[in-house]
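Going by my numbering, the letters in the sequence shown line up with residues 202 to 461, in that order. This report refers to the structure that appears directly beneath it.
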Amino acid sequence: MELGIRGRWALVCAGSKGLGRGCALALAAQGVNLVITARGREALQRTADEARQRGVEVRAVVGDITTPEGRAEALAAAPQVDLLVTNAGGPPPGDFRDWDETAWLQALRANMLTPIALMRACVDAMAERGFGRVVNITSGAVKAPIEVLGLSNGARAGLTGFVAGLARDPRLAARNVSINNLLPGAFDTERLRATLAAGAARQQRDAAEVIEARRQAIPARRFGTAEEFGAFCAFLCSAQAGYLTGQNLLLDGGAYPGVF
Ligand code: NAP
């Protein structure tokens, strides 16, 4: 399916590895030019090179997207942002009794205020041009909070509430600007492996056993892949997806047991 976004420019934040990388490569395969960011140079260059093999222009920006400087550099690298994929590392797991205000502010900055600042910088210009797509990578924990990921549950719930209002602003929705959140369940990335290994260590259990138990708890009996995630993100960015806005779309192999 041709997604009708060839030649557009996307900013894919935190795009060197994992889900962000999956989104960047899927968009590149649709002929979208990219600005991709990450803090580490090496993996970012590797992903940029891979995307370039799909025949698009790719600008790799090394920086921390959760800082004003990192965002300014990322935004300045794109001639315009038609498609915005917000993403950043997730907060660490733990016990809420151990989190002070600094820990909370860090989580809010990374997983709520950064996507809001990026949308603020991009959506009005999208509306003026009559086309724009925003995909925020959040988490399945927005629908079914995970106890040890309290920082993530809290910060992402804040973003979700904000997006529900913003996406329905007619100054955006009536100008072909759609804003949606993509909620990953368990995807096979470095973060998932690290989180499961840390959980196993805390419980003094074998990591392979914990990973297998997690897999078996998913009706699909497997973890998702970054390629699947990227393909879905690319569809949300497509010309065809203009009537889909303000939604929270869960990709989790059936793990969430509810009807809605
Ligand atoms: P990942 O494999 O660890 O990849 C994270 C990517 O983000 C890397 O490219 C990393 O590169 C970049 N990054 C992290 N912090 C950054 C920052 N401050 N500025 C710029 N780039 C940054 O993680 P993932 O599994 O793809 O997860 C992506 C997001 O989805 C996270 O917020 C995670 O919590 C959420 N999520 C993931 C899952 C899952 O199963 N994988 C499930 C639910 C939610 P550098 O380290 O070089 O900066």
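Glycine is no exception: its CB is placed at the ideal position from the N, C-alpha and C atoms.
TODO: Reducing DSSP to helix, strand and coil, say where Ser379 ends up.
DONE: Judged by DSSP in its simplified three-state form, Ser379 adopts strand.
- [ ] Examine the Cβ distances between the stretch 330-345 and the stretch 366-384 and report whether three or more of them are shorter than 8 Å.
- [x] With a cut-off of 8 Å on Cβ pairs, the stretch 330-345 is in contact with the stretch 366-384, counting three or more such pairs.
- [ ] Could you give the DSSP three-state label for Arg394: helix, strand or coil?
- [x] It is helical.
Task: Ile380 classed as buried or exposed, judged by whether at least 16 other C-beta atoms fall within 10 angstroms - done: It counts as buried.
TODO: Taking only runs that begin and end inside the stretch 228-303, name each unbroken alpha helix (DSSP H) of 4 or more residues, in chain order.
DONE: Whole alpha helix (DSSP H) segments, 4+ residues: 242-253 and 269-277.
Open item on the list: Nearer than 7 Å: is that true of the beta carbon of Thr390 relative to any heavy atom of ligand 1?
Closed with: Relative to ligand 1, Thr390 has its C-beta within less than 7 Å of a heavy atom.
Task: Separation of Thr268 from Phe430, as counted between CA atoms - done: Roughly 26 Å between the two C-alpha positions.
Open item on the list: Any heavy atom of ligand 1 closer than 7 Å to the beta-carbon of Asn449?
Closed with: For ligand 1, not one heavy atom lies less than 7 Å from the Cβ of Asn449.
TODO: Return the chain-ordered list of same chain residues with a C-beta closer than 8 Å to the C-beta of Thr396, the five sequence neighbours on each side being excluded.
DONE: If we look at Thr396 and ignore the five residues flanking it on each side, its Cβ neighbours are Pro294.
Task: Alpha-carbon spacing of Met313 relative to Gln307, whole angstroms - done: Cα-Cα distance, rounded: 10 Å.
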